[in-house]
Structures are given as C-alpha cells and as structure tokens.
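One line per chain: the protein sequences are C and S, in this order.
For the first sequence, our numbering assigns the number 6 to the initial residue and increments by one for each residue that follows.
For the second sequence, our numbering assigns the number 434 to the initial residue and increments by one for each residue that follows.
Accompanying notes for the structure given below.
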Amino acid sequence: DAGVIQSPRHEVTEMGQEVTLRCKPISGHDYLFWYRQTMMRGLELLIYFNNNVPIDDSGMPEDRFSAKMPNASFSTLKIQPSEPRDSAVYFCASGPNTGELFFGEGSRLTVL
Amino acid sequence: DQQVKQNSPSLSVQEGRISILNCDYTNSMFDYFLWYKKYPAEGPTFLISISSIKDKNEDGRFTVFLNKSAKHLSLHIVPSQPGDSAVYFCAASVENYGQNFVFGPGTRLSVLP
C-alpha cells in the first residue's frame with residue numbers, strides 16, 4: 006500500500022483565499038484524522054471520521070474550517086477565508102479500529 | 434489545558450548513551466499510549482506502544498515504561514544513534530473509545546556523534 010497520501014505538499018496563498026487540502030487514507034482503515042502542527046501547540050487534532058462520518062470536530066478552530074469525507078478513500082479540509090495564523094503543517098492520518106495511526110507526509114500551508 | 438505533556442522541548446545526548454524522553458498525562462481514563470518519531474518534512478511514524486495492563490514494553494533499542502499511579506511514561510533509547518535525532522511525540526487514548534489520540538507537544542532529540 007502507498008500509505009496515506011496528501012496533496013498538495015506545499016501551498017502558499019494570500020489572506021482571504023480559499024484553501025483545500027486533500028487526503029487519501031490507507032484502504033481498509035475505518036478512521037481518518039486531520040491534525041495541525043504548529044510550534045506553539047504541537048500536534049492538534051482538528052477532526053476525525055469513523056466510516057466516513059464526522060465523530061468529533063471540537064478541534065476545528067473556527068467556522069472558516071470545514072472537513073468532508075464523501076467516501077472511504079477521500080477527505081478534504083477546507084479553509085475559507087484563510088488567514089496568516091492558519092499557516093502550519095496539516096497532517097492527515099488513518100487507522101484501523103485499534104492500534105496505531107498512519108500519517109501522511111503533511112501539507113505545509115503558508116498564508117501571506 | 435494539555436492532557437498530554439512533554440515538559441522537555443529538547444534533549445541532547447551523546448551517541449551510545451541512553452536517551453530518556455518523558456511524558457505525563459492528566460486524564461486517568463487513558464489506557465493506551467504510543468510514541469511517534471518525526472523527521473523534518475515527513476509525517477510522524479509509529480515507534481512503540483503500551484497498554485495500561487503492562488508497565489513495560491520493549492522493541493529492540495526502544496523501551497517504554499508506564500507508571501499508572503504517577504500518570505507518567507517514558508521512552509528509553511539504548512544505545513542512542515545519530516539517526517535517532519528527531520522529534521518524539523507521546524500520544525494517549527482511551528482504548529475502547531475508538532482512535533481519538535491526544536498528542537503531546539513533542540521533544541526534539543539530538544544525538545551527537
């Protein structure tokens with residue numbers, strides 16, 4: 006298996022623009038997570054899905070953030086409108102019902 | 434309020450010596466713990482885990498110790514190698530509540546040749 010695949014790897018955009026980050030989880034994994042890594046807070050959980058259903062989105066910072074999982078092989082994290090403080094590395098991870106999570110390589114977002 | 438704490442942001446160790454990374458947690462419901470390693474420009478990768486029914490788990494040079502009464506776990510790396518230089522994240526979850534892992538802020542380990 007190719008592992009968790011995220012795109013884009015790097016995104017530079019201007020404040021106010023819409024940003025869409027994409028994730029393809031490992032086939033057969035029931036869980037999908039979106040994390041954000043910053044220097045100040047480390048790895049923060051934004052939202053996670055179980056069998057494509059959002060379970061906990063309490064980590065989503067504001068209404069500007071939204072996430073969808075239309076099917077078992079694809080998820081998006083959208084920021085609209087983006088702000089400079091959203092600059093971070095965004096990780097997608099997937100996992101089976103028990104055990105460890107498998108992370109993608111991350112999408113580095115810079116909002117100018 | 435952080436439920437998982439790694440109070441040392443960084444640690445430097447000489448090659449061949451022991452590295453000890455510490456992690457404290459506040460939620461007594463946590464019963465499953467993992468350590469992840471992260472290199473620059475890569476995603477975190479799983480290193481080792483421990484369930485609360487154990488107090489020690491060993492995998493090669495890596496050993497994790499769990500002290501439930503103190504809500505403390507530690508990762509020991511013996512002997513340390515330059516390739517171990519990375520950021521190490523501690524993570525905790527309630528095992529039967531699905532996969533909702535809470536991560537600590539990470540400790541950057543530098544192993545000096």
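Heads up, the beta-carbon is just placed ideally off N, CA and C, and yes, glycines get one too.
Asked, Found
"Any chain S beta carbon closer than 8 Å to C/D62", "no"
"For S/R602, three-class secondary structure by DSSP", "Because chain S here runs from 434 to 546, residue 602 of chain S falls outside it and cannot be looked at."
"When C/P13, C/T18, C/G111, C/V9 are compared against C/S87, the one with the closest alpha-carbon", "C/T18"
"Touch test, the region 500 to 511 of chain S against the region 67 to 82 of chain C, Cβ-Cβ under 8 Å, three pairs minimum", "no"
"Alpha-carbon to alpha-carbon, C/Q22 and C/R90", "13 Å"
"Opening and closing residue of the beta strand (DSSP E) in which C/G100 lies", "93 to 100"
"Boundaries (first-last residue) of the beta strand (DSSP E) holding C/A72", "70 to 76"
"Alpha carbon of S/S461 to alpha carbon of C/N76, nearest angstrom", "35 Å"
"Distance CB(C/Q42)-CB(C/V94) smaller than 8 Å", "yes"
"Closer than 7 Å: S/G516 CB and nearest the ligand NAP heavy atom", "Inclusion of the ligand NAP in the displayed structure is not the case, the ligand content being empty and no account of it being possible."
"Euclidean distance between Cα positions of S/N500 and C/M20", "46 Å"
"Buried or exposed (CB count within 10 angstroms, at least 16 for buried), S/A474", "exposed"
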